[in-house]
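Chemist: Taking UniProt numbering, I'd label the letters of the sequence shown as residues 2 to 215.
For each residue, glycine too, the CB sits at the ideal point set by N, CA and C.
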Amino acid sequence: GIKAVIFDLDGVIVSTDEYHYKAWKSISDKENINFDRTINNRLRGVSRAESLEIILEKANKEYTQEEKEVLLEEKNNVYKKLLTNLSSSEILEGVNEVIDYLKSNNIKVAIGSSSKNTSLILEKIGLSNTFDEIADGTMITKSKPDPQVFILAANKLGVSEKDCLVVEDAEAGVEAALNGNMKVAAVGDAIKCNKATFNLDKLIKLTDIVKKNN
Ligand code: B16
Ligand code: MG
2 GIKAVIFDLD GVIVSTDEYH YKAWKSISDK ENINFDRTIN NRLRGVSRAE
52 SLEIILEKAN KEYTQEEKEV LLEEKNNVYK KLLTNLSSSE ILEGVNEVID
102 YLKSNNIKVA IGSSSKNTSL ILEKIGLSNT FDEIADGTMI TKSKPDPQVF
152 ILAANKLGVS EKDCLVVEDA EAGVEAALNG NMKVAAVGDA IKCNKATFNL
202 DKLIKLTDIV KKNN
């Protein structure tokens, strides 16, 4: 059955994925590095430092560790500036309805995000007290497709992996859930990879999946 649903944050709960894109775009433009939405899709669910490595594949010089640190800090500053005006109006379609449905059916809800800005984002969108547990980028050493963040969420909830359903917009996140022996529902870009247990064209359809599997 499904006893808990673990939600990815960026691209599932809120469209901060677009702000990540804009922040990386400003850094890569300044450095004269080619960066587009196809490359951006490879950054979904991937940690900040690993994202930079992917972007630097297109650079025509080698960057020192120090230079990389500077770029990482610049990116996060641009990103956080873009988050200033983030509000509950940017919660994605169906999110509140699905969470209400799960809670009223005694299914636990958690966040499993690679982002170190998770607390800030949840506060901005007014969902700080919504989830039973949170596992995020500040608590892990291995990023998706490693299952660490989702396993941490399951452990914190006290629910066995096989009873967890993960919701993801990233291929790396879909793989992470499968690597953790969890079921996974893909939304958005992750549908294309065709690896998920379920593909959702609309998040609200998660309620049907829970009904059928319980
Ligand atoms: P930060 P998720 C991920 O969040 C994003 O998808 C990914 O693009 C980002 O690089 C990563 O968080 C780290 O974010 O720079 O805020 O620590 O999709 O796992 O919720
Ligand atoms: Mg995501």
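Going by DSSP, what residue range makes up the alpha helix (DSSP H) through A177?
Modeler: Note, A177: alpha helix (DSSP H), E172 to N180.
Chemist: Is there at least one non-hydrogen atom of ligand 1 closer than 7 angstroms to the beta-carbon of A171?
Modeler: Yes, Cβ of A171 sits closer than 7 angstroms to a heavy atom of ligand 1.
Chemist: Span of the alpha helix (DSSP H) holding A154?
Modeler: From DSSP, the alpha helix (DSSP H) with A154 extends over Q149 to L158.
Chemist: Name the DSSP bridge partner or partners of residue 216?
Modeler: The question about residue 216 has no answer here: the residues shown for the chain are numbered 2 through 215.
Chemist: Would you check whether ligand 1 has a heavy atom nearer than 7 angstroms to the C-beta of L44?
Modeler: Yes, ligand 1 has a heavy atom inside 7 angstroms of this Cβ.
Chemist: Under the three-state reduction of DSSP, which class applies to G12: helix, strand or coil?
Modeler: Looking at G12 - three-state DSSP - the assignment turns out to be coil, as it is neither helix nor strand.
Chemist: At 4 residues or longer, and completely inside the region 93 to 128: list those alpha helix (DSSP H) runs for me, N to C.
Modeler: List check, alpha helix (DSSP H) in window: 96 to 105 and 119 to 125.
Chemist: Suppose you measure from the CA of E162 to the CA of K31; what does that come to, to the nearest Å?
Modeler: Looking at the two C-alpha atoms, the distance is approximately 43 angstroms.
Chemist: I want to know whether the region 141 to 156 touches the region 171 to 187 - three or more CB-CB distances under 8 angstroms.
Modeler: With the cut-off at 8 angstroms, the region 141 to 156 and the region 171 to 187 touch.
Chemist: Taking C-alpha atoms, which residue in L153, N35, S116 and N61 lies nearest to Y20?
Modeler: The shortest Cα separation from Y20 among L153, N35, S116 and N61 belongs to S116.
Chemist: Is the number of C-beta pairs between the region 71 to 79 and the region 22 to 38 that are closer than 8 angstroms three or more?
Modeler: The region 71 to 79, when compared against the region 22 to 38, does touch it at the 8 angstroms Cβ threshold.
Chemist: Taking the straight line between their C-alpha atoms, what separation do you get for E68 and L153?
Modeler: Whole-angstrom Cα-Cα distance: 32 angstroms.
Chemist: Could you say if the region 41 to 51 and the region 99 to 108 meet the contact criterion of at least three C-beta pairs nearer than 8 angstroms?
Modeler: At 8 angstroms Cβ cutoff, the stretches do not touch.
Chemist: DSSP puts N200 in a beta bridge; with which residues?
Modeler: Partner(s): A187.
Chemist: Excluding the 5 residues preceding and the 5 following L84 in the sequence, name in chain order all residues of the same chain whose CB lies nearer than 8 angstroms to its CB.
Modeler: Closer than 8 angstroms at the Cβ level, and outside the excluded window around L84, lie T17, Y20, N118, L121, I122 and K125.
Chemist: Going by DSSP, what residue range makes up the alpha helix (DSSP H) through I28?
Modeler: Run containing I28: T17 to K31, per the alpha helix (DSSP H) assignment.
Chemist: Considering only residues of the same chain and omitting the five flanking positions on each side of M214, which have a CB-CB separation below 7 angstroms?
Modeler: One point to set straight first is that residue 214 is Asn, not Met, in the sequence displayed. Excluding sequence neighbours, N214 sits near G2 and I3.
Chemist: Using DSSP with H/G/I as helix, E/B as strand and the rest coil, what is E63?
Modeler: Reduced to three states, the DSSP call for E63 is coil.
Chemist: To the nearest angstrom, how far is the alpha carbon of S89 from that of L128?
Modeler: So the two alpha carbons sit approximately 8 angstroms from each other.
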